[in-house]
Amino acid sequence: MKKTTILTAGIILFSSLLGATTTFAADGGSYDSKGEITFKAGTDKTDPLDPSNPDPDKPVTPVDPVDPTGPKPGTNGPLSLDYASSFQFGEQSISTVDKTYYAALQTFSDGTADGPNYVQVTDTRGTQKGWELSVIQGAQFETATSDVLEGAKLSFANGKAVSNLQEGLNETESQAITPVATAAVTLVPGAKSVIMTAGDKQGVATWLYDLGKDATEAATAVSLKVPGKSVKLKDAYSTTLTWTLSDTPTAP
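Shown next as structure tokens:
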């Protein structure tokens, strides 16, 4: 009798526990955790990219055709002027008729194919407030002894803004992020010429001002017109171009 009572009690107790587990299961609730990263403006230099394929992961080594010790390093970020081509018009015969000479293509010392002459800028400010790229031809072409090549005109053609950020975008999307590039301009010594202008939300990251979309178009994109009547000495003539990248926030 004693054994039966104990067994029965044990069965009743087990049933009660089983019922509690099934009906009154404990709820552990929920808990949120977070992830965070904070960016600051970049300060590093940006390496030159291939004007025909501006992939940030594949920097190139351009050759300066005028200065064998160049090219000079680009400026530091967050708004940086990374590279600007120098223009080599070669050795030409003295002529008494008007002539147009074309700059050689941009070459590279790392095996990259010759391509358009170009200027490269990078914006890592993190503000999306725009910028302006301009150039000034300091003086007329002249010799080391200051003999001037009177009437010579340096011109750019086929200019366009290029970035890998344009890949995969439709025309409307591309226009929204692309700086306005000056397609053609003739420089006036001592005067500023605006080359590219980025408005609000444009020109973020790295952009190139390509003078020609490919080697064929680039072959005639940088020209120097020299009047036949100008006096030409048997000497080298040169000029200096000063490129300036300015912080120009969009007006509110």
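With mature numbering (1 follows the signal peptide of the UniProt record, and there is no 0) applied, the sequence shown corresponds to residues -25 to -1, 1 to 227, in that order. Note that beta-carbon positions come from the ideal geometry of N, C-alpha and C, so glycine has one too.
Could you round the C-beta distance between residue i and residue j to whole angstroms and report it? I think they count as a contact, below 8 Å.
{"i": "S198", "j": "Y58", "result": "Between Y58 and S198 the Cβ distance is about 21 Å, and since that is not below 8 Å, they are no contact."}
{"i": "D185", "j": "P46", "result": "The Cβ separation is near 17 Å, so there is no contact."}
{"i": "A180", "j": "D98", "result": "7 Å"}
{"i": "T118", "j": "L208", "result": "6 Å"}
{"i": "G52", "j": "T87", "result": "That pair is no contact at about 24 Å."}
{"i": "G90", "j": "A190", "result": "6 Å"}
{"i": "V128", "j": "I152", "result": "The sequence shown places Lys at residue 128, not Val. K128 to I152, Cβ: 33 Å. No contact."}
What does the Cβ neighbour count give for residue i, buried or exposed, with the cut at 16 atoms within 10 Å?
{"i": "E142", "result": "exposed"}
{"i": "L144", "result": "exposed"}
{"i": "N92", "result": "buried"}
{"i": "F14", "result": "exposed"}
{"i": "K135", "result": "buried"}
{"i": "P37", "result": "buried"}
{"i": "A211", "result": "exposed"}
{"i": "residue 230", "result": "What the structure shows of the chain is the stretch from -25 to 227, and residue 230 is not part of that stretch, so it cannot be assessed."}
{"i": "A16", "result": "exposed"}
{"i": "V137", "result": "buried"}
{"i": "V206", "result": "exposed"}
{"i": "A114", "result": "exposed"}
{"i": "A158", "result": "exposed"}
Which stretch, first to last residue, makes up the beta strand (DSSP E) that contains residue i?
{"i": "T102", "result": "Here T102 belongs to no beta strand (DSSP E), and DSSP marks it neither H nor E."}
{"i": "T223", "result": "Where T223 is concerned, there is no enclosing beta strand (DSSP E), given that its DSSP letter is neither H nor E."}
{"i": "I170", "result": "167 to 173"}
{"i": "D57", "result": "54 to 59"}
Checking 7 Å against the spacing of the C-beta atoms, do residue i and residue j come in under that value?
{"i": "L220", "j": "L56", "result": "yes"}
{"i": "G187", "j": "N133", "result": "yes"}
{"i": "D222", "j": "L54", "result": "yes"}
{"i": "P29", "j": "L183", "result": "yes"}
{"i": "F116", "j": "L108", "result": "no"}
{"i": "S61", "j": "P40", "result": "yes"}
{"i": "L162", "j": "Q112", "result": "yes"}
{"i": "P164", "j": "D73", "result": "no"}
{"i": "P154", "j": "G178", "result": "yes"}
{"i": "W106", "j": "A173", "result": "yes"}
{"i": "I170", "j": "V96", "result": "no"}
{"i": "residue 295", "j": "V94", "result": "Missing from the structure shown is residue 295; the chain here goes from -25 to 227 and no further."}
{"i": "V75", "j": "K200", "result": "The question names Val, but residue 75 in the sequence shown is Thr. Cβ atoms of T75 and K200: closer than 7 Å."}
Residues bridged to residue i by DSSP?
{"i": "P37", "result": "F83"}
{"i": "G134", "result": "L186"}
{"i": "K200", "result": "T75, K128"}
{"i": "D25", "result": "N28"}
{"i": "S213", "result": "E117"}
{"i": "Y93", "result": "D185"}
{"i": "V155", "result": "T172"}
Which residues mark the beginning and the end of the alpha helix (DSSP H) in which residue i is found?
{"i": "I152", "result": "146 to 152"}
{"i": "A190", "result": "190 to 193"}
Could you tell me whether any Cβ in chain D is nearer than 7 Å to the Cβ of residue i?
{"i": "G65", "result": "The structure shown contains no chain D; it holds only a single protein chain."}
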